[in-house]
Amino acid sequence: MEKIVIVAATGFEVAPLLQFLQKYNTGQPFHFQFNNKEIKVLITGAGITFTAFALGKFYATNKVDWAINMGIAGSFRKDWELGKVVNVIEDRFGDFGVELADGNFSSIFELDWMDKDQFPFENGILKNKLSLPDLHTARGLTVNKVHGSEATIKKLNIHEFDIESMEGAAFFYASFLEKIPCYQIRSISNYVENRNKSNWEIGLAIENLNMIMIDFLSK
(Lines of atoms letter the chains of each structure in order from A and count residues from 1; the text may use other names and numbers.)
(Lines give C-alpha, C1' and ligand atoms only; values in the text may rest on other atoms or scores of the structure.)
Protein backbone atom coordinates (compact mmCIF):
# COMPACT_ATOMS: atom_id res chain seq x y z
CA MET A 1 0.00 0.00 0.00
CA GLU A 2 1.41 3.36 -1.05
CA LYS A 3 1.88 5.92 1.70
CA ILE A 4 1.04 9.48 0.66
CA VAL A 5 0.94 12.82 2.45
CA ILE A 6 -1.19 15.60 1.04
CA VAL A 7 0.06 18.98 2.23
CA ALA A 8 -2.11 22.11 2.29
CA ALA A 9 -1.78 25.49 3.95
CA THR A 10 -5.41 25.72 5.05
CA GLY A 11 -8.31 23.38 5.62
CA PHE A 12 -10.65 25.21 3.25
CA GLU A 13 -8.35 24.52 0.29
CA VAL A 14 -8.81 20.77 0.76
CA ALA A 15 -12.33 20.73 2.25
CA PRO A 16 -13.98 18.93 -0.72
CA LEU A 17 -11.24 16.29 -0.71
CA LEU A 18 -11.62 15.72 3.03
CA GLN A 19 -15.37 15.37 2.59
CA PHE A 20 -14.82 12.79 -0.17
CA LEU A 21 -12.29 10.83 1.91
CA GLN A 22 -14.30 10.92 5.13
CA LYS A 23 -15.95 7.54 4.52
CA TYR A 24 -12.46 6.05 4.20
CA ASN A 25 -11.24 7.44 7.52
CA THR A 26 -9.20 5.01 9.63
CA GLY A 27 -10.49 6.43 12.89
CA GLN A 28 -7.51 8.75 13.24
CA PRO A 29 -7.75 12.45 12.32
CA PHE A 30 -6.73 13.24 8.72
CA HIS A 31 -5.79 9.59 8.09
CA PHE A 32 -7.48 7.59 5.33
CA GLN A 33 -7.19 4.37 3.33
CA PHE A 34 -8.47 4.67 -0.23
CA ASN A 35 -7.75 2.87 -3.50
CA ASN A 36 -4.85 0.88 -2.02
CA LYS A 37 -3.32 4.10 -0.70
CA GLU A 38 -2.67 5.18 2.87
CA ILE A 39 -3.30 8.91 2.82
CA LYS A 40 -2.46 11.46 5.49
CA VAL A 41 -3.50 15.09 5.13
CA LEU A 42 -1.23 17.68 6.73
CA ILE A 43 -2.56 21.20 7.29
CA THR A 44 0.53 23.34 7.84
CA GLY A 45 -0.78 26.87 8.19
CA ALA A 46 -0.17 29.60 5.62
CA GLY A 47 3.30 30.78 4.71
CA ILE A 48 6.89 29.63 4.44
CA THR A 49 7.67 29.39 8.17
CA PHE A 50 4.65 27.33 9.18
CA THR A 51 5.00 25.05 6.16
CA ALA A 52 8.70 24.41 6.76
CA PHE A 53 8.20 23.63 10.45
CA ALA A 54 5.17 21.38 9.92
CA LEU A 55 6.84 19.43 7.12
CA GLY A 56 10.13 19.06 8.99
CA LYS A 57 8.28 17.69 12.01
CA PHE A 58 6.12 15.40 9.87
CA TYR A 59 8.99 13.96 7.83
CA ALA A 60 10.98 13.30 11.01
CA THR A 61 8.31 10.95 12.34
CA ASN A 62 6.54 9.60 9.24
CA LYS A 63 7.71 7.54 6.29
CA VAL A 64 5.91 8.27 3.02
CA ASP A 65 6.40 7.14 -0.56
CA TRP A 66 5.48 10.50 -2.02
CA ALA A 67 4.01 13.89 -1.16
CA ILE A 68 1.59 16.28 -2.82
CA ASN A 69 1.25 19.99 -2.11
CA MET A 70 -2.12 21.35 -3.20
CA GLY A 71 -3.44 24.89 -2.89
CA ILE A 72 -4.55 28.04 -4.65
CA ALA A 73 -2.27 30.60 -6.25
CA GLY A 74 -2.15 33.94 -7.99
CA SER A 75 -1.20 34.01 -11.66
CA PHE A 76 1.13 36.45 -13.38
CA ARG A 77 -0.24 35.20 -16.69
CA LYS A 78 -3.48 36.82 -17.80
CA ASP A 79 -3.82 34.24 -20.60
CA TRP A 80 -4.53 31.56 -17.98
CA GLU A 81 -8.16 31.53 -16.92
CA LEU A 82 -9.14 31.66 -13.26
CA GLY A 83 -9.76 28.16 -11.97
CA LYS A 84 -7.04 26.62 -14.15
CA VAL A 85 -5.15 23.83 -12.37
CA VAL A 86 -1.40 23.63 -13.00
CA ASN A 87 1.52 21.43 -12.00
CA VAL A 88 4.33 23.56 -10.56
CA ILE A 89 7.63 21.99 -11.62
CA GLU A 90 10.00 24.67 -10.33
CA ASP A 91 9.82 27.20 -7.52
CA ARG A 92 11.96 29.78 -5.78
CA PHE A 93 11.95 31.98 -2.69
CA GLY A 94 10.98 35.40 -3.95
CA ASP A 95 11.80 37.67 -1.02
CA PHE A 96 14.74 35.94 0.66
CA GLY A 97 17.45 38.59 0.42
CA VAL A 98 17.74 42.36 0.73
CA GLU A 99 16.07 45.47 -0.61
CA LEU A 100 18.60 47.74 -2.29
CA ALA A 101 18.77 51.54 -1.98
CA ASP A 102 16.98 51.98 -5.31
CA GLY A 103 14.10 49.80 -4.12
CA ASN A 104 15.09 46.77 -6.16
CA PHE A 105 15.63 43.32 -4.68
CA SER A 106 18.74 41.16 -4.54
CA SER A 107 18.47 37.49 -3.52
CA ILE A 108 20.83 35.67 -1.17
CA PHE A 109 22.27 33.94 -4.23
CA GLU A 110 22.94 37.22 -6.04
CA LEU A 111 24.60 38.49 -2.86
CA ASP A 112 26.79 35.35 -2.72
CA TRP A 113 25.53 34.56 0.76
CA MET A 114 24.68 31.08 -0.45
CA ASP A 115 25.87 28.96 -3.35
CA LYS A 116 23.15 29.06 -6.00
CA ASP A 117 23.83 25.37 -6.74
CA GLN A 118 23.89 24.13 -3.16
CA PHE A 119 21.58 21.12 -2.94
CA PRO A 120 18.67 21.13 -3.48
CA PHE A 121 18.96 24.36 -5.51
CA GLU A 122 19.93 24.60 -9.17
CA ASN A 123 20.92 28.15 -10.07
CA GLY A 124 18.89 29.33 -7.08
CA ILE A 125 15.79 27.44 -8.21
CA LEU A 126 14.11 24.33 -6.79
CA LYS A 127 13.46 22.14 -9.82
CA ASN A 128 11.26 19.07 -9.64
CA LYS A 129 12.29 16.16 -11.84
CA LEU A 130 8.73 14.79 -11.72
CA SER A 131 5.70 16.17 -13.53
CA LEU A 132 2.09 15.22 -14.19
CA PRO A 133 1.42 14.77 -17.93
CA ASP A 134 -2.26 15.73 -17.74
CA LEU A 135 -1.64 19.22 -16.32
CA HIS A 136 -0.05 22.36 -17.73
CA THR A 137 3.34 22.95 -16.09
CA ALA A 138 4.08 26.19 -14.24
CA ARG A 139 6.99 28.01 -12.61
CA GLY A 140 6.38 29.27 -9.10
CA LEU A 141 7.44 32.21 -6.93
CA THR A 142 7.06 31.75 -3.17
CA VAL A 143 6.79 34.85 -0.99
CA ASN A 144 6.01 35.86 2.57
CA LYS A 145 4.10 38.90 1.31
CA VAL A 146 1.96 38.35 -1.78
CA HIS A 147 2.11 41.16 -4.31
CA GLY A 148 -0.89 43.48 -4.42
CA SER A 149 0.21 46.71 -6.11
CA GLU A 150 1.43 47.51 -9.61
CA ALA A 151 4.38 49.42 -8.13
CA THR A 152 5.94 46.30 -6.59
CA ILE A 153 4.80 43.93 -9.35
CA LYS A 154 6.65 46.02 -11.95
CA LYS A 155 9.92 45.38 -10.10
CA LEU A 156 9.61 41.63 -10.65
CA ASN A 157 11.09 39.74 -13.58
CA ILE A 158 7.70 38.20 -14.22
CA HIS A 159 8.92 36.38 -17.32
CA GLU A 160 10.76 34.04 -14.92
CA PHE A 161 7.67 32.63 -13.21
CA ASP A 162 3.97 32.01 -13.82
CA ILE A 163 2.29 31.80 -10.42
CA GLU A 164 2.75 33.05 -6.87
CA SER A 165 2.11 31.23 -3.60
CA MET A 166 3.19 31.43 0.03
CA GLU A 167 4.25 27.80 0.52
CA GLY A 168 5.43 26.07 -2.66
CA ALA A 169 9.20 26.54 -2.36
CA ALA A 170 9.13 25.53 1.31
CA PHE A 171 7.35 22.30 0.34
CA PHE A 172 9.88 21.56 -2.39
CA TYR A 173 12.83 22.43 -0.14
CA ALA A 174 11.79 20.06 2.65
CA SER A 175 10.75 17.26 0.28
CA PHE A 176 13.89 17.49 -1.86
CA LEU A 177 16.16 17.44 1.21
CA GLU A 178 14.39 14.32 2.47
CA LYS A 179 14.51 12.84 -1.07
CA ILE A 180 10.76 12.29 -1.11
CA PRO A 181 9.17 12.19 -4.59
CA CYS A 182 6.64 15.00 -4.73
CA TYR A 183 4.24 17.05 -6.80
CA GLN A 184 2.93 20.59 -6.39
CA ILE A 185 -0.55 21.20 -7.79
CA ARG A 186 -2.16 24.64 -7.70
CA SER A 187 -5.33 26.23 -8.97
CA ILE A 188 -5.43 29.87 -10.02
CA SER A 189 -7.75 31.91 -7.81
CA ASN A 190 -6.70 35.39 -8.92
CA TYR A 191 -4.31 37.39 -11.05
CA VAL A 192 -1.31 39.11 -9.49
CA GLU A 193 -2.40 42.73 -9.87
CA ASN A 194 -3.71 45.60 -7.76
CA ARG A 195 -5.40 43.72 -4.94
CA ASN A 196 -9.17 43.48 -5.47
CA LYS A 197 -10.78 40.40 -3.96
CA SER A 198 -14.01 41.02 -5.87
CA ASN A 199 -12.12 39.85 -8.98
CA TRP A 200 -11.06 36.58 -7.37
CA GLU A 201 -12.57 33.13 -7.97
CA ILE A 202 -11.51 31.24 -4.86
CA GLY A 203 -14.55 28.95 -4.87
CA LEU A 204 -14.01 27.91 -8.48
CA ALA A 205 -10.29 27.40 -7.90
CA ILE A 206 -10.87 25.16 -4.88
CA GLU A 207 -13.57 23.17 -6.67
CA ASN A 208 -11.37 22.50 -9.70
CA LEU A 209 -8.31 21.74 -7.58
CA ASN A 210 -10.12 19.15 -5.50
CA MET A 211 -11.77 17.53 -8.52
CA ILE A 212 -8.33 17.02 -10.05
CA MET A 213 -6.95 15.62 -6.80
CA ILE A 214 -9.81 13.18 -6.28
CA ASP A 215 -9.42 11.97 -9.86
CA PHE A 216 -5.66 11.63 -9.38
CA LEU A 217 -6.03 9.56 -6.20
CA SER A 218 -8.72 7.39 -7.80
CA LYS A 219 -6.38 6.15 -10.56
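Going by the numbering used here, the first residue of the sequence shown is number 2, and it counts up by one from there.
All residues carry an ideal CB built from backbone N, CA and C; glycine is no exception.
Owing to the predicted nature of the structure, the values given are computational and were not obtained by experimental measurement.
Spatial distance of residue i from residue j (CA atoms)
i, j, result
"Arg196", "His148", "8 Å"
"Asn209", "Gly84", "6 Å"
"Tyr174", "Asn129", "10 Å"
"Arg78", "Val87", "12 Å"
"Gln29", "Lys156", "47 Å"
"Asn26", "Ala170", "30 Å"
Outcome for residue i when other beta-carbon atoms lying within 10 angstroms are tallied against a minimum of 16
i, result
"Gly46", "exposed"
"Asn158", "exposed"
"Lys41", "buried"
"Phe120", "exposed"
"Glu165", "buried"
"Gly12", "exposed"
"Leu127", "buried"
"Asp163", "buried"
Coarse secondary structure for residue i, derived from DSSP in three states
i, result
"Gly169", "helix"
"Val193", "coil"
"Glu3", "strand"
"Lys58", "helix"
"Thr50", "helix"
"Asp216", "helix"
"Phe21", "helix"
"His160", "helix"
"Ala16", "helix"
"Thr153", "helix"
"Ile109", "coil"
"Ser176", "helix"
"Ala102", "coil"
Supposed close pair residue i, residue j - CB separation, criterion 8 Å
i, j, result
"Phe110", "Gly95", "No, Phe110 and Gly95 are not in contact; Cβ-Cβ is about 12 Å, not under 8 Å."
"Tyr184", "Ile44", "Not quite, the Cβ-Cβ distance comes to about 18 Å (not below 8 Å), so this is no contact."
"Ile207", "Pro17", "7 Å"
"Arg187", "Ala74", "4 Å"
8 Å Cβ cutoff met for residue i and residue j
i, j, result
"Phe177", "Leu56", "no"
"Glu3", "Asn37", "yes"
"Met167", "Thr138", "no"
"Leu131", "Pro182", "yes"
"Ser76", "Ile189", "yes"
"Arg140", "Glu161", "yes"
"Ile5", "Asp66", "yes"
"Gly72", "Glu14", "yes"
"Trp201", "Asn211", "no"
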